[in-house]
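J.:
2 protein chains.
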Amino acid sequence: MNEIIEITQTPSWPFGEASRGKLVAEMMQQSGFRDVTIDGIGNVIGVRPGRNRKLPALIVAAHLDTVFPQGTDVTVKRAGTRLMAPGIGDDSRGLATLLVLARAMDKAGIQTERDILFVGNVGEEGPGDLRGVRHLFENDARAKTATGFISIDSSGSGGIVTRGVGSNRYHIVFSGPGGHSYDKFGIVNPMVPLAKTVVGLYGIAVPSEPKVTYSASIAGGGTSVNTIPPQVFVDVDMRSTSPEEVARVDRELRAIAQHAVDEENAARSTERGKVSVDFQVIGMRPAGQTDETKGLAAIAVGAAEEFGYQSRFIAVSTDANVAMSLGIPAITIGSGGRGGAEHSPDEWIDVEIDESVRGLKVDLATVVSAANVTN
Amino acid sequence: MNEIIEITQTPSWPFGEASRGKLVAEMMQQSGFRDVTIDGIGNVIGVRPGRNRKLPALIVAAHLDTVFPQGTDVTVKRAGTRLMAPGIGDDSRGLATLLVLARAMDKAGIQTERDILFVGNVGEEGPGDLRGVRHLFENDARAKTATGFISIDSSGSGGIVTRGVGSNRYHIVFSGPGGHSYDKFGIVNPMVPLAKTVVGLYGIAVPSEPKVTYSASIAGGGTSVNTIPPQVFVDVDMRSTSPEEVARVDRELRAIAQHAVDEENAARSTERGKVSVDFQVIGMRPAGQTDETKGLAAIAVGAAEEFGYQSRFIAVSTDANVAMSLGIPAITIGSGGRGGAEHSPDEWIDVEIDESVRGLKVDLATVVSAANVTN
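Quick note, the sequences are listed as chains S and R, same order. Numbering-wise, this note's numbering puts 226 at position 226 of the first sequence, and it's gapless, one number per residue. Numbering-wise, this note's numbering puts 1006 at position 6 of the second sequence, and it's gapless, one number per residue.
(1) Near S/L58, what residues of its chain come up, given a Cβ to Cβ distance below 6 Å and the 5 sequence neighbours on each side ignored?
(2) Distance cutoff 9 Å, beta carbons only. Does R/F1279 sit that close to anything in chain S?
(3) CB R/T1213 to CB S/Y182, shorter than 9 Å?
(4) Let me know the secondary structure DSSP gives R/Q1030 once reduced to three states.
(5) Which one or two residues does DSSP pair with R/G1289 in a beta bridge?
(6) CA-CA distance, R/G1166 and S/G164?
(7) Could you tell me which chain S residues have their CB closer than 7 Å to the CB of R/A1257, listed as they occur along the chain?
(8) From R/G1132 to R/I1041, what distance separates their C-alpha atoms?
(9) Please report how far the alpha carbon of R/E1342 lies from the alpha carbon of S/V74, in whole angstroms.
(10) Run the CB neighbour count on R/R1272, radius 10 Å, all protein chains shown included, and call it buried at 16 or more, exposed below.
(11) Between R/F1068 and chain S, is there a C-beta pair that is closer than 9 Å?
(12) Using a Cβ-Cβ cut-off of less than 7 Å, list which residues of the stretch 1171-1186 of chain R approach chain S; keep chain order.
(13) Tell me the residue span of the beta strand (DSSP E) that contains S/D350.
(14) If you pair each beta-carbon of the stretch 88-96 of chain S with each one of the stretch 171-182 of chain S, do three or more pairs fall below 8 Å?
(15) Could you pull out every residue in the same chain whose Cβ sits closer than 7 Å to the Cβ of R/A1216, ignoring the five residues on either side in sequence?
(16) Identify the contact partners of S/K196 in chain R, using a Cβ-Cβ distance below 8 Å as the criterion.
(17) Going by beta carbon distance, what residues of the same chain come within less than 6 Å of S/A323, once the five residues before and after it are set aside?
(18) Specify whether the stretch 1015-1027 of chain R and the stretch 340-359 of chain S touch according to this definition: at least 3 beta carbon pairs, one from each stretch, less than 8 Å apart.
(19) Give me the Cβ distance between R/T1162 and R/A1297, rounded to the nearest whole Å; I'm assuming they're in contact under 8 Å.
(20) When the Cα of S/A141 is compared with those of S/S242, S/V232, S/P56, S/N2, which residue comes out closest?
(21) Express the C-alpha separation of R/F1015 and R/G1334 in angstroms, rounding to a whole number.
(22) Which class does R/L1058 belong to by DSSP, given the choice of helix, strand or coil?
(23) Quick one: is S/S217 near chain R, going by C-beta distance under 9 Å?
(24) Flag this pair as yes or no: are the beta carbons of S/V173 and S/V232 separated by less than 9 Å?
(25) Give the secondary structure of R/D1363 by DSSP, where H, G and I count as helix, E and B as strand, and everything else as coil.
(26) What does DSSP give as the partner residues of S/L117 in its beta bridges?
(27) Which of the three DSSP states, helix, strand or coil, is assigned to S/I5?
(28) Check whether the stretch 253-267 of chain S and the stretch 189-198 of chain S touch, using three or more Cβ-Cβ pairs below 8 Å as the test.
(29) List the residues of chain S that R/G1220 touches, going by C-beta distances under 7 Å, in chain order.
(30) In its own chain, which residues sit with a C-beta less than 6 Å from the C-beta of S/I314, not counting the 5 before and 5 after it?
(31) Compute the Euclidean distance between the alpha carbons of R/D1035 and R/T1066, then round it to the nearest angstrom.
(32) Helix, strand or coil for R/D1278? Go by DSSP, reduced to three states.
(33) With a CB to CB cut of under 7 Å and the five nearest residues on each side skipped, what residues in its chain are close to R/L1364?
(34) Using the beta-carbon of each residue, which ones in chain S are nearer than 7 Å to R/P1086?
(35) Is there a Cβ from chain C that is less than 9 Å from the Cβ of R/P1229?
(36) Looking at chain R, is there any beta carbon in it that lies within less than 9 Å of the beta carbon of S/R93?
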């Protein structure tokens, strides 16, 4: 618990995870991890060697970043067994769980078949765009050949993320010549293809299974009410557990936008210039799925139920997306104990001992079983 | 010229015209105007009595406000006969012209048939929305019955504003329940009726004569890329010299927006709330025209040509709009002399004596003739 508090009170924001990373690296060293390193992007990696070091390793990760910006008051407040602070559950408790699991295995004299790579990774939340785990799988030889990936994220037990919701997020910029609204009336206006693109997006039919969603979320641009805008934008989010569906909506949207631009250049004067469109990537989270009938998912279900939790499969976007998209079995599970209000300043966890230990046992059983599978 | 400099160096911004108003009132008093008053909205009014004080008066106005915000450096720089400073031509020179005209008439012993109301008015530029002259015609008995209205605005001679371009400007806000882009997919999104409104606006056919224009100029709203926005807006400008045409486009746009809102509430889930639209007025400038074949316009043409200027009729938006819309003959003319770069920090005027005096003679002839018409 002291570790949770110390981690939480070391601020860590998107692209500002270095201090917390250093702290977690020190804690890993003190907890007896081997080969503790901080990689090029800021991920902290510690190894717990298995019996057969030639087997592909299991990765167990928790994320260093929070959604809260630099300067947020991260002082932990306590009321009974309840601790409150931004990021305390998402994902300070997860990071502390990495340490607790390793020490518990040492104490119980458990040696697994495979190496376990414990990772405190950067960039899970929004703007981070999963860059920490992405970097890991692109650059770390041990990750490239890993047998599986388990991320421990937020409180609770029983929920098992087996479907990674992928998303393509764009800042779509429409540009044109711009000009005085009265004098230059009749020239192309980038607001028109923007509007047609939004109307077209909301005309795209999507199935309910696999779930596919889209949203025109933010609009902006223009200089004054009496100026034809030189530039306007709309930010769009599209998501699905199916990579094919995200790709299809993406393709259709681009075609709609290009068609709208072409129509505008044909409908109004281009004597001062044409309108054009540019899709700028805000985020690209790959979609993926893990087999729910065997392997990691089955192990996690068994562990949860062994300790009396009802298990359920969940579809969201977590660090596990990256592994799933690469075909590596991956799940995300809770760090145990109760908690809530993640992403809000009122975020809390309950460290009541029985419930917390029961949750840790689920994670321990899951990790140890997964690291012992050798077939 | 010293008056132009002193007026210019007394900052006056939209809704911050009081200091310059006080200065102009003092200058009017020193120049021998009668009954100098500052009305409830900040207009400075001085009278030059005519022979028959029962005749409706002629109004001659120049505006106190500039487009430049509080804090702008308004120090006048000089290079030869060229003076440079923000607002020096638009409309410090016009204000000084009011004083020069009255003194010239005194010096030449000219008494007009009608009273002339000289007015330094507030609120001509953008956000002022013509509120000074509007207030004058709504509250001042002498204005309500005036025979005509001449505003002196910016440098130059020969250009005569006879058509007042009217405009309706709206901040159109579309609201809805908002929600998470993935979890709440399927609920109404206010971005859709906004987009349909823009597409609909650009489908409205307009004649080239009378000229009618519209512009979707600024867009905004939304909270994050993965949130269905609770509120978005688009700022729209519509203009014409024909009040009927502005009113028609306005009516059609409101119908389009309401239809788009109804469609959205029918097309997607309203379980968390409906979308709605609110037209917030940014500006309302009435359109109007003055007969170009007789009266004030003919007088101004004659005066310009008498002193060798080629006259031309102009359609823009000035303080004269208000009088025109009330059926009172109104024109806007230049204060004479060369000048340029209005609304820019590089604004300049040339006070070269021959050209400046020739321009003042045009204005003097116009004002005196207009104040002598008794039929």
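Don't be surprised by glycine CBs; every beta carbon is placed ideally from N, CA and C. All values reported here derive from a predicted model rather than from experimental measurement.
T.: According to the data block:
(1) Counting from 1 along the first sequence, the entry for residue 58 of chain S is found at position 58. Here the set comprises R114, I116, T147, G148, A370, A371.
(2) Here residue 1279 of chain R corresponds to residue number 279 of the second sequence, with the count starting at 1. Residue contact with chain S for R/F1279: absent (no Cβ-Cβ distance below 9 Å to any residue of chain S).
(3) In the second sequence, residue 1213 of chain R corresponds to position 213, counting from 1. In the first sequence, residue 182 of chain S corresponds to position 182, counting from 1. Taking 9 Å as the cut-off, the Cβ atoms of R/T1213 and S/Y182 count as close.
(4) Residue 1030 of chain R sits at position 30 when you count from the first residue of the second sequence. Helix at R/Q1030.
(5) Here residue 1289 of chain R refers to the residue found at position 289 when the second sequence is read from its first residue. The residue asked about is misnamed: residue 1289 of chain R is Gln in this sequence, not Gly. Answer is R/R1163, bridged to R/Q1289.
(6) If you number the second sequence from 1, residue 1166 of chain R lands on position 166. If you number the first sequence from 1, residue 164 of chain S lands on position 164. Straight-line measurement puts the Cα of S/G164 at about 55 Å from the Cα of R/G1166.
(7) Locating residue 1257 of chain R in the second sequence gives position 257, where the first residue counts as 1. The contacting residues do not exist; R/A1257 stays about 12 Å from chain S at best.
(8) Locating residue 1132 of chain R in the second sequence gives position 132, where the first residue counts as 1. Locating residue 1041 of chain R in the second sequence gives position 41, where the first residue counts as 1. When rounded, the distance between both Cα atoms is 7 Å.
(9) Within the second sequence, numbered from 1, the residue matching residue 1342 of chain R stands at position 342. Within the first sequence, numbered from 1, the residue matching residue 74 of chain S stands at position 74. Spanning the two alpha carbons is a distance of roughly 52 Å.
(10) Walking along the second sequence from the start, residue 1272 of chain R turns up at place 272. Counting Cβ neighbours within 10 Å, R/R1272 comes out exposed, since fewer than 16 surround it.
(11) In the second sequence, the residue the question calls residue 1068 of chain R occupies position 68. No, R/F1068 lies away from the interface with chain S (no Cβ there is under 9 Å from its Cβ).
(12) If you check each beta-carbon in the stretch 1171-1186 of chain R against every beta-carbon of chain S, the ones closer than 7 Å belong to S1181, Y1182, F1185.
(13) The sequence position of residue 350 of chain S within the first sequence is 350, counting from 1. It spans 348-350 - the beta strand (DSSP E) in which S/D350 sits, taken as one unbroken run.
(14) No, they do not touch.
(15) Translated into the one-based positions of the second sequence, residue 1216 of chain R becomes position 216. Sequence-distant partners of R/A1216 (beyond 5 residues in either direction) whose C-beta falls short of 7 Å from its own C-beta, in its chain, are V1198, L1201, V1234, V1236.
(16) Here residue 196 of chain S refers to the residue found at position 196 when the first sequence is read from its first residue. Within chain R, the residues near S/K196 are A1195, V1199.
(17) Start at 1 with the first residue of the first sequence, and residue 323 of chain S comes out as number 323. The residues are F149, A330.
(18) No: the two stretches stay apart, fewer than three of their Cβ pairs being nearer than 8 Å.
(19) Position 162 of the second sequence, counted from the first residue, corresponds to residue 1162 of chain R. Position 297 of the second sequence, counted from the first residue, corresponds to residue 1297 of chain R. Sure, about 5 Å apart at Cβ, within 8 Å.
(20) For the purposes of this step, residue 141 of chain S is identified with residue 141 of the first sequence, where counting begins at 1. Comparing Cα-Cα distances from S/A141 to each of S/S242, S/V232, S/P56, S/N2, the minimum goes to S/P56.
(21) Numbered from 1 along the second sequence, position 334 holds the residue referred to as residue 1334 of chain R. Numbered from 1 along the second sequence, position 15 holds the residue referred to as residue 1015 of chain R. Spanning the two alpha carbons is a distance of roughly 24 Å.
(22) For the purposes of this step, residue 1058 of chain R is taken as residue 58 along the second sequence, with counting starting at 1. Residue state for R/L1058 is assigned as strand, using DSSP reduced to three classes.
(23) What you label residue 217 of chain S is simply residue 217 of the first sequence in a count that begins at 1. Cβ-Cβ to chain R under 9 Å: yes for S/S217.
(24) By one-based count along the first sequence, residue 173 of chain S stands at place 173. By one-based count along the first sequence, residue 232 of chain S stands at place 232. A contact, by the Cβ cut-off of 9 Å.
(25) Against the second sequence, residue 1363 of chain R aligns to sequence position 363. R/D1363 falls in the helix class under three-state DSSP.
(26) Taking the first sequence and counting its residues from 1, one reaches residue 117 of chain S at position 117. According to DSSP, S/L117 bridges with S/V47, S/I59.
(27) Mapped onto the first sequence, residue 5 of chain S falls at position 5. In the structure shown, S/I5 sits in a helix (DSSP, three-state: H, G or I).
(28) In short, these stretches touch, since the Cβ pair count reaches three.
(29) Within the second sequence, residue 1220 of chain R is the residue found at index 220, counting from 1. Within chain S, the residues near R/G1220 are A219, G220.
(30) Numbered from 1 along the first sequence, position 314 holds the residue referred to as residue 314 of chain S. Non-local C-beta neighbours of S/I314 in its own chain, meaning closer than 6 Å and more than five positions away in sequence, comprise G159, V161, ordered along the chain.
(31) Locating residue 1035 of chain R in the second sequence gives position 35, where the first residue counts as 1. Locating residue 1066 of chain R in the second sequence gives position 66, where the first residue counts as 1. If I take the Cα positions, the gap works out to 26 Å.
(32) For the purposes of this step, residue 1278 of chain R is identified with residue 278 of the second sequence, where counting begins at 1. DSSP places R/D1278 in strand when its eight states are reduced to three.
(33) For this step, residue 1364 of chain R is matched to residue 364 along the second sequence. Taken in chain order, the residues that qualify are L1101, A1104.
(34) Stepping through the second sequence from its first residue, residue 1086 of chain R is reached at position 86. Residues of chain S with a Cβ closer than 7 Å to the Cβ of R/P1086 do not exist; the shortest Cβ-Cβ separation is about 17 Å.
(35) Within the model displayed, chain C is absent; protein chains S and R are what it includes.
(36) In the first sequence, the residue the question calls residue 93 of chain S occupies position 93. It does not; no Cβ of chain R falls within 9 Å.
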